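**Student:** Quick one: the structure is below, questions incoming.
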Amino acid sequence: MIVTIDGPAGAGKSSAARGTARRLNFFLVQSGLMYRTAAYLILVRRDLWGKDLTKEQIESLRKVSDDDANLVRELLYRYDDGGAHISVGNVDVTEELSAVCVSEPTSIISQNKLIRQAVMELQHDLAKHNNIVAEGRDCGTVVFPHAEFKFFLTADLGVRAQRILGDPDRKIEAETTDLEEALTARDKRDKERNLAPMIPHKDAIIIDNTDLTLAQTVDHIVDKVKAG
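For the record, in the sequence shown the residue sitting at position 83 is 113 according to the numbering used here, with numbers rising by one throughout.
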């Protein structure tokens, strides 16, 4: 079985997906983590990792080679009850993926057709061997359009910003207004991109969890799945 959970940053999809996977005893596929790995690998390959990127350097990330995409195909994605882990070679790079400097490059690189194809191959391979909960921005529309259950989470902008600022794993230090502006810009890019825009599938169950706790959101998803 495949359950997809999509939505914008701060909508709680990652936390909800973890909770849902745990409750259903499913394998969790975190698309965002895979794209962040792609960005990390390309930045390292171009000797840009950890540096303050110029506008020109950021724009240069739109150009991706077959070799760049093949780097993504070599990553190892593991999941256990403690969460998802990604290794490249024999090195676990999961902790590096939460760095702030990888966020904007990820938004750019994730729009590239070669990278998307490489990530999708990994996602499909995981789905062949497991019942999965797949979370991202286009899992229900592009990656797994025939998933048995599709959900799309959303929340008010201010609530999304506060959730991100309160998440210790994201390591983000910013003013709320600055983050809201960044989220608005990211939403616009994700919704208007030509390749796999972030929109709900026509059959998706839309959940506005502005006033819901994480537990309530997970309950809603799990109840729908168990009810069939």
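C-beta atoms are modelled at their ideal positions from N, C-alpha and C, and glycine is treated no differently. Bear in mind the structure is a predicted one, so any value in this text is a computation, not a measurement.
According to DSSP, simplified to helix, strand and coil, what is residue 218?
**Tutor:** Taking the first residue of the sequence shown as 1, we reach residue 218 at position 188. Looking at residue 218 - three-state DSSP - the assignment turns out to be helix.
**Student:** Return the CA-CA distance between residue 237 and residue 92, expressed in angstroms with no decimal places.
**Tutor:** Numbered from its first residue, the sequence shown carries residue 237 at position 207. Numbered from its first residue, the sequence shown carries residue 92 at position 62. If I take the Cα positions, the gap works out to 33 Å.
**Student:** Beta-carbon within less than 8 Å of residue 108's beta-carbon, same chain only, minus the 5 sequence neighbours each way: which residues are those?
**Tutor:** Numbered from its first residue, the sequence shown carries residue 108 at position 78. Here the set comprises 114, 115, 116 and 117.
**Student:** Between 52, 55, 47 and 126, which has its C-alpha nearest residue 69's C-alpha?
**Tutor:** Looking up residue 69 in the sequence shown gives position 39. Of the listed residues, the one whose Cα sits closest to residue 69 is 126.
**Student:** Pull up the DSSP beta-bridge partners for residue 114, would you.
**Tutor:** The residue labelled residue 114 in the question sits at position 84 within the sequence shown. Paired residues: 109.
**Student:** For residue 183, which beta-bridge partners are listed by DSSP?
**Tutor:** Against the sequence shown, residue 183 aligns to sequence position 153. Per DSSP, 237.
**Student:** Would you kindly work out how many angstroms separate the C-alpha atoms of residue 137 and residue 220, rounded to a whole number?
**Tutor:** Reading the sequence shown from its first residue, position 107 is the one you call residue 137. Reading the sequence shown from its first residue, position 190 is the one you call residue 220. About 8 Å.
**Student:** Any idea if residue 231 is buried or exposed, counting beta-carbon neighbours within 10 angstroms, 16 or more meaning buried?
**Tutor:** By one-based count along the sequence shown, residue 231 stands at place 201. Label assigned to residue 231: buried.
**Student:** With DSSP as the reference, label residue 84 as helix, strand or coil.
**Tutor:** Along the sequence shown, read from residue 1 onward, the residue named residue 84 stands at position 54. DSSP places residue 84 in coil when its eight states are reduced to three.
**Student:** Give the list of continuous beta strand (DSSP E) stretches no shorter than 3 residues that lie fully inside the stretch 128-189.
**Tutor:** Complete beta strand (DSSP E) runs here, min 3: 162-166 and 179-184.
**Student:** Hey, out of 140, 41, 226 and 156, whose CA is closest to residue 106's CA?
**Tutor:** Taking the sequence shown and counting its residues from 1, the one referred to as residue 106 is at position 76. Of 140, 41, 226 and 156, the residue nearest in Cα terms is 156.
**Student:** Distance check for residue 67 and residue 212, CA to CA, integer angstroms please.
**Tutor:** Within the sequence shown, numbered from 1, the residue matching residue 212 stands at position 182. Within the sequence shown, numbered from 1, the residue matching residue 67 stands at position 37. C-alpha separation (whole angstroms): 21 Å.
**Student:** Find the nearest neighbour of residue 254 within the set 215, 181 and 145, judged by alpha-carbon distance.
**Tutor:** Position 224 of the sequence shown, counted from the first residue, corresponds to residue 254. Nearest C-alpha to residue 254: 181.
**Student:** On the DSSP bridge list, what partners appear for residue 60?
**Tutor:** What you label residue 60 is simply residue 30 of the sequence shown in a count that begins at 1. Residue 60 pairs with 165.
**Student:** For residue 241, is the classification buried or exposed, using 16 other Cβ atoms within 10 angstroms of its Cβ as the cut-off for buried?
**Tutor:** Sequence index remark: in the sequence shown, residue 241 carries index 211 (1-based). It is exposed - the Cβ of residue 241 has fewer than 16 other Cβ atoms within 10 Å.
**Student:** According to the Cβ coordinates, are residue 144 and residue 189 closer than 8 Å?
**Tutor:** Start at 1 with the first residue of the sequence shown, and residue 144 comes out as number 114. Start at 1 with the first residue of the sequence shown, and residue 189 comes out as number 159. No, they are not a contact pair.
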